[in-house]
Structure formats: C-alpha cells, structure tokens
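Visitor: In terms of the working numbering, the sequence shown has 31 at position 27, counting the first letter as 1, and numbering is strictly consecutive.
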Amino acid sequence: MKQAIKILLRRQGDSLVRLTGLLYRRGYLIESLSVVPDSLQGHVQVKAVVTNSQAAPRQLFSHVSKLVDVVRVEDCYLGG
C-alpha cells in the first residue's frame, strides 16, 4: 500500500537519518522524499511517499511519531 505523509522535524544533524533509518527498519520502501525549510526557525518539512504491503496504514503514524525530533505527522493526499 502506498502512503504519503507530511512530517515536521526539528532540524538537527541526524534527524533525517533517524527518520529514513526507521522507515528502512520497519520495511517501508521510500519512493519519494522531499525536504524543505519550514517557517518555524530550526524546523524542516518532510514529505515522504512510502510503500509497505504488510503494515497497516496507521502503523506508519505510530512509528514516526515516536521519533524524538518529530513535532507533527499528518496525512498527505496522493494525487491521481
């Protein structure tokens, strides 16, 4: 199942590495990853499109929200 999420991360040296490492360890295939600075100082907005045939859609939110640097996680519409 393909999923897209938006994640607001605190900008730290290894926050993006932690996020991608978590996705890899949980069996999510990263199809697309977009990172842009956020209007909040010291934060970045990450949009990730991932695929995982075994995990329930809500599991992704649960896994990602437990990371220390994550401020907010929300669904992102996949056009098409």
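We put the beta carbon where it would ideally sit given N, CA and C, even for glycine.
For my contact list, V74 and V68 are in at a C-beta cut-off of 8 Å; report their separation, rounded to the angstrom.
Guide: Sure, about 6 Å apart at Cβ, within 8 Å.
Visitor: In the DSSP output, which residue or residues are listed as bridge partners for Q49?
Guide: Answer by DSSP bridge pairing, in chain order: L12 and V40.
Visitor: Tell me the DSSP secondary structure of Q63 in three-state form.
Guide: Here Q63 sits in helix by DSSP.
Visitor: Tell me K6's beta-bridge partners as DSSP assigns them.
Guide: According to DSSP, K6 bridges with T55.
Visitor: Comparing C-alpha positions only, which one of V50, Q16, L33 and S66 sits nearest to N56?
Guide: Considering only alpha carbons, the answer is L33.
Visitor: Just how far apart, CA to CA, sit S43 and Q49?
Guide: Going by the C-alpha atoms only, they are around 9 Å apart.
Visitor: Tell whether a beta-carbon distance below 8 Å holds between L64 and Q7.
Guide: Yes, Cβ-Cβ distance for L64 and Q7 is below 8 Å.
Visitor: For a quick check, are the C-beta atoms of M23 and L82 less than 8 Å apart?
Guide: It is Leu, not Met, that sits at residue 23 in the sequence shown. No, the Cβ-Cβ distance between L23 and L82 is not below 8 Å.
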